[in-house]
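Worksheet: the structure to be examined is printed underneath.
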Amino acid sequence: MTKTKSPYALGGRTWAAVLIFGLFGQIAWVIENMYFNVFLYNTISGDTAMIAAMVSASAVTATVTTLVMGALSDRIGKRKALIVVGYLLWGLSVGAFAFLSVENVGKLFPAAQAAHAAAIAVVVMDCVMTFFGSTANDAAFNAWVTDVTVPQNRGRVETVLAVLPLVAMLVVFGALDGMTQSGNWSTFFLVVGGLTLLGGILGIFFLKEPAAVRRSDESYFANIVYGLRPSVIRANPALYISLAALAIYSMSQQVYMPYLIIYIQRFLGITDYVILLGGVLILSSVVSVLMGKTVDKHGKLRCLTPAAVVGFIGLVLMYLARAQWFVFVAGVVMLGGGMVVSACCQGLIRDHTPEGKAGLFQGIRILFQVLIPMVTGPFIGVAVIRNTGMTYEELGTVKQVPTAEIFLAAAIVLVLLVVPVRLLKKREAAERSVK
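So the number in this note's numbering is just where the residue sits in the sequence shown, counting from 1, plus 98.
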């Protein structure tokens, strides 16, 4: 007896494009979200406030870029060109970090100012890299995913996409982290830049322009501000409530994520953390992928609350964990639950995005997923770190040490998720009663 193919199944070429751009893009984002912080902390400045400033500047750049380039994508009715060219330039900009150091910057500035100038240069280059990355990934690729999927298969696609950041971390930790620990940052950035560049090249052959995309006839400026219009917000309340849910989860994550590797190295004293993190990432990813069918079967909103509870428990366990085995268990619970929360929120957002308007809403999505969380979460983390007062001195520089309280603060932020979830459930119940 032959098995009937689902009418909602995605083709192999589409899945290949999802995996190529999803994975290679996430590898580049891992470098920005985690390793730029470590690069800045270890080689240039030990001030965690500088890390928070870099994260926030990058978030602003990402939001503005996605608003502008997402609108451009809908305006010209094209996704592929922006994705391919964006990934190529993204790779080049990541590779450029190989040449950024206090020594090189010192050739242009007095020695006393070289470290500060180098720190500023890192922030500026991070914003340049973010512009290309947000154009390719946040604006064009995410709109493309919305275009080629439907509500019946988005749960599975979103759980795969939610896993890719952790798979990317696993690739980076397993294959490349040794370069950073030995101080070989130049090779590290060149390899990651090359992988991102390769993603753009492969996109030429695997990526197809979605048939659903139509060129927008509205003015370019009108498209940029489309998602900010009060009338659009009133017409799509479920979309904006779903975005608020994503913002809360992302804010919770940003309280600890920029400082995670530094926390493991300096607070827990685990210098050989590759196997530990690799195991956490593999098991968390498996859990998330297995949950994809459950999310599609029972619904994203119904699965969101249990996943958030699991994520909350994981954060509390991370606050308590000191031994490596305890950190492993806590990490799996925290990241496994968090990935399912992210997948549910992202799926709800795509479900409530008006058809044919995906590009117009990518900037708004980044506003909630990146800007709001990244200009709040890291500074909550900084406040917690400074309040604990734990520091150490290295080569005459006093450096702050992230402490376990960042996970407790993240758990408190995550509790706020109950508000948008209740609002969405009320709307869903009201819609069922009308039917």
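For each residue, glycine too, the CB sits at the ideal point set by N, CA and C.
Subject >> CB-CB length for valine 290 against isoleucine 411, believed under 8 Å >> reply: In fact, because the Cβ distance is near 33 Å, the residues do not count as touching under 8 Å.
Original post:
Could you check where the alpha helix (DSSP H) with asparagine 251 kicks off and where it finishes?
Top reply: 249–269
Original post:
In or out: methionine 99 buried (at least 16 other Cβ within 10 Å) or exposed?
Top reply: Residue placement at methionine 99 is poorly supported in this model, since its pLDDT is 45, which falls under 50; the coordinates still yield a value, given next. Its Cβ having fewer than 16 others within 10 Å, methionine 99 is exposed.
Original post:
Between isoleucine 346 and valine 517, what straight-line distance do the alpha-carbon atoms span, to the nearest angstrom?
Top reply: 10 Å
Original post:
Nearest CA to the CA of leucine 293: which residue from Thr501, Gly120 and Cys442?
Top reply: Gly120
Original post:
Grouping DSSP H, G and I as helix and E and B as strand, with all else coil, what is tyrosine 371?
Top reply: coil
**OP:** Compare the C-alpha of lysine 524 against each of Ile504, Pro328, Arg400 and Leu413 and name the closest.
**Re:** Arg400
**OP:** Determine the DSSP secondary structure at aspartate 449, reduced to helix, strand or coil.
**Re:** helix
Original post:
Under the rule that 16 or more other beta-carbon atoms within 10 Å means buried, what is leucine 259, buried or exposed?
Top reply: buried
**OP:** Give me the Cα-Cα distance between phenylalanine 286 and leucine 446, rounded to the nearest whole angstrom.
**Re:** 36 Å
Original post:
Do proline 279 and valine 153 have their CB atoms nearer than 9 Å?
Top reply: Per the sequence shown, the amino acid found at residue 279 is glutamine instead of proline. It is not a contact, given that the beta carbons lie outside the stated cut-off.
Subject >> Buried versus exposed call for threonine 369 [16 or more other C-beta atoms within 10 Å across all chains shown] >> reply: exposed
Original post:
With a Cβ-Cβ cutoff of 9 Å, do threonine 163 and alanine 237 count as a contact?
Top reply: Contact flag set, yes.
**OP:** Measure the CB-CB distance between valine 116 and arginine 448 and report whether it falls below 9 Å.
**Re:** no
Original post:
How many whole angstroms separate the CB atoms of glycine 434 and tyrosine 354, which I take to be in contact at a CB cut-off of 8 Å?
Top reply: The pair is not a contact, with the Cβ atoms about 16 Å apart (cut-off 8 Å).
**OP:** Check whether the Cβ atoms of leucine 522 and serine 383 sit closer than 9 Å, and answer yes or no.
**Re:** The answer is no: Cβ separation not under 9 Å.
Original post:
In or out: proline 452 buried (at least 16 other Cβ within 10 Å) or exposed?
Top reply: Burial call: exposed.
**OP:** Less than 8 Å between the CB atoms is what I'm expecting for leucine 512 and serine 350, so what's the real figure, rounded?
**Re:** 4 Å
Subject >> Inter-stretch contact (C-beta, 8 Å, three-pair minimum) for the stretch 464–473 and the stretch 159–178 >> reply: yes
Original post:
How many angstroms separate the CA atom of valine 248 from the CA atom of leucine 379?
Top reply: 28 Å
Subject >> Residue range of the alpha helix (DSSP H) that includes serine 171 >> reply: 146–174
Subject >> Stretch pair the stretch 217–232 + the stretch 322–339: three plus CB contacts closer than 8 Å >> reply: Under the 8 Å Cβ criterion, the stretch 217–232 does not count as touching the stretch 322–339, having fewer than three qualifying pairs.
Original post:
For the alpha helix (DSSP H) that glutamine 351 lies in, which residues bound it at each end?
Top reply: 335–354
**OP:** Just mark glutamine 498 as buried or exposed, buried being the case when its beta carbon has 16 or more other beta carbons within 10 Å.
**Re:** buried
Subject >> Beta-carbon contacts of alanine 441 that lie in its chain and below 6 Å, excluding the five residues immediately before and after >> reply: Glu256, Thr257 and Ala260
Subject >> CB of leucine 374 within 9 Å of CB of phenylalanine 426, strictly >> reply: yes
Original post:
How big is the Cα-Cα spacing for valine 270 and alanine 421?
Top reply: 24 Å
Subject >> First and last residue of the uninterrupted alpha helix (DSSP H) at arginine 400 >> reply: 398–418
Original post:
From Gly281, Leu296, Leu337 and Met437, pick the residue whose C-alpha is nearest to that of leucine 138; which is it?
Top reply: Scanning Gly281, Leu296, Leu337 and Met437 for the CA closest to the CA of leucine 138 turns up Gly281.
Subject >> DSSP-derived helix/strand/coil call for leucine 388 >> reply: helix
Original post:
Is it the case that the CB of isoleucine 373 approaches a heavy atom of the ligand GTP more closely than 8 Å?
Top reply: Of the ligands one can find in the structure shown there are none, so the ligand GTP has no counterpart to examine.
**OP:** Kindly indicate the opening and closing residues of the alpha helix (DSSP H) around glycine 291.
**Re:** 283–304
Subject >> Candidates Gly298, His450 and Met389, of which the one nearest glutamate 50 by Cα >> reply: Here the chain has residues from 99 to 533 only, and residue 50 is not among them.
Original post:
DSSP on arginine 177, reduced to helix/strand/coil?
Top reply: coil
**OP:** Return yes when the Cβ of glycine 409 is within less than 9 Å of the Cβ of valine 438, no when it is not.
**Re:** yes
Subject >> For arginine 530, three-class secondary structure by DSSP >> reply: helix
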